[in-house]
Amino acid sequence: MAVPKRKLSKARTRRRRATWRLAVPTLVACPRCKALNPSHQVCANCGFYAGREVRSVE
Numbered sequence: 175m176a177v178p179k180r181k182l183s184k185a186r187t188r189r190r191r192a193t194w195r196l197a198v199p200t201l202v203a204c205p206r207c208k209a210l211n212p213s214h215q216v217c218a219n220c221g222f223y224a225g226r227e228v229r230s231v232e
């Protein structure tokens with residue numbers, strides 16, 4: 175089993191873990207109703223995608 179020969183410094187450990195963060199989801203405005211939605215997904219507000227109705231919304 176692999177065991178480290180030396181203790182890793184705090185700086186090295188923290189530098190490695192610095193990229194472990196959550197990304198804010200990118201939202202785009204729906205061209206029809208201007209509601210914010212994730213890109214390439216059906217609009218939850220009006221049910222349209224790519225200029226046509228995909229889902230009926232009451």
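Here the sequence shown is numbered in our numbering, starting from 175 and rising by one per residue. Just so it is clear, CB atoms sit at the ideal spot from N, CA and C, and this is done for glycine as well.
DSSP three-state label for residue i, please.
i: Arg-226; result: strand
i: Lys-184; result: helix
Give the straight-line distance between the Cα atoms of residue i and residue j, rounded to the nearest whole angstrom.
i: Cys-217; j: Arg-189; result: 39 Å
i: Phe-222; j: Lys-184; result: 50 Å
i: Ala-224; j: Leu-210; result: 15 Å
i: Cys-220; j: Arg-191; result: 41 Å
Mind checking whether the beta-carbon of residue i lies closer than 7 Å to any heavy atom of the ligand SAH?
i: Arg-180; result: The ligand SAH is not among the ligands present in this structure, which contains no ligands whatsoever.
Between the beta-carbon of residue i and the beta-carbon of residue j, is there less than 8 Å?
i: Ser-213; j: Thr-193; result: no
Counting only runs that start and end within the segment 191 to 222, where is the beta strand (DSSP E) found for 3 or more residues in a row? The qualifying runs are 201 to 203 and 210 to 212.
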